[in-house]
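Participant: Per our numbering, the very first residue in the sequence shown carries number 1151; after that it's consecutive.
Built from N, CA and C at the ideal position, the CB exists for glycine as well.
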Amino acid sequence: MTDIRNIVVLTGAGISAESGIDTFRDAGGLWEQHRVEDVATPEGFAKDPDLVLGFYDMRREALTKVEPNDAHQALARLEREFSGELLIVTQNVDDLHERGGADNVLHMHGELKSALCTSCGTRSAWDAPMLNRPACPVCQAPTLRPDVVWFGEMPYQMERIYAALRSADLFVSIGTSGAVYPAAGFVRDAREMGAATLELNLERSEGSYWFHESRQGKASELVPEWVDEVLGD
């Protein structure tokens, strides 16, 4: 793939599922005991902040029990060894890309290990619980919330993402359902700008017809194989 100089990779829940993080759509998954409206919307937080803070405290704690898998590590290898530009855009709020060795990661839906102060707007790295209303490290107000994008809120750094899509030679979607916008529309945006498009997913997504090529299988197998192709191994 010597003609590929700029790659944008979009990752979703499927890449972390093999590490043991339940996906949003799993019948027995993390969200089963709670309605989305209760734990993943601004309205739910306003109605019952204790429920929401406790829910995300548990999710943050769960991160300590999982490890990056071969797919995360393969993308980190691509970042290290690829001679062109690579941007990893993830819908995931876990830190498995970073722990797998990647640096150029954009979390469009925020991060579990980050706190957002609703008083001063500061974002801070955060590992501790929030249910006990800790003070903001900057303004000292007890008004922290998870720094994650809830339904009805705007994803982060959209201008940077669209700029990357416009310059991409190759757009790759890994482990996504193709059902959640705006991320589900990235393949169309990239393709209309002339990029080649590739889907690596357990099964065809809702937007598979937009991809030039779709490969089905486990991310931990497909991603390392694809990275080998890019690097010429």
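How would you label MET1258, buried or exposed, when you count the other beta carbons within 10 angstroms and need 16 or more for buried?
Facilitator: Classification of MET1258: buried, given that the 10 Å Cβ count is 16 or more.
Participant: Between the beta-carbon of VAL1239 and the beta-carbon of VAL1158, is there less than 8 Å?
Facilitator: Against a cut-off of 8 Å, the Cβ pair of VAL1158 and VAL1239 comes out as a contact.
Participant: According to the neighbour-count rule (16 or more other Cβ atoms, all chains shown, within 10 Å of its Cβ), is CYS1286 buried or exposed?
Facilitator: Buried, by the Cβ-count rule.
Participant: Between ARG1210 and LEU1294, which are expected to be in contact by the criterion C-beta below 8 Å, what is the C-beta distance as a whole number of angstroms?
Facilitator: No, ARG1210 and LEU1294 are not in contact; Cβ-Cβ is about 12 Å, not under 8 Å.
Participant: To the nearest whole angstrom, what separates the beta carbons of VAL1380 and LEU1228, a pair I think is in contact under 8 Å?
Facilitator: With 8 Å as the limit, VAL1380 and LEU1228 qualify as a contact, their Cβ atoms being about 6 Å apart.
Participant: Leaving out the 5 sequence neighbours to the left and right, which residues in its chain are closer than 8 Å to ALA1340 when beta-carbon positions are compared?
Facilitator: So the list reads VAL1158, LEU1315, ALA1318, PHE1321, THR1347, once near-sequence residues are dropped.
Participant: Return the bridge partner residues of CYS1267 from the DSSP annotation.
Facilitator: Answer by DSSP bridge pairing, in chain order: LEU1294.
Participant: To the nearest whole angstrom, what separates the beta carbons of LEU1256 and GLN1307, a pair I think is in contact under 8 Å?
Facilitator: About 6 Å; that satisfies the 8 Å criterion.
Participant: Give the secondary structure of ILE1154 by DSSP, where H, G and I count as helix, E and B as strand, and everything else as coil.
Facilitator: Correct three-state label for ILE1154: coil.
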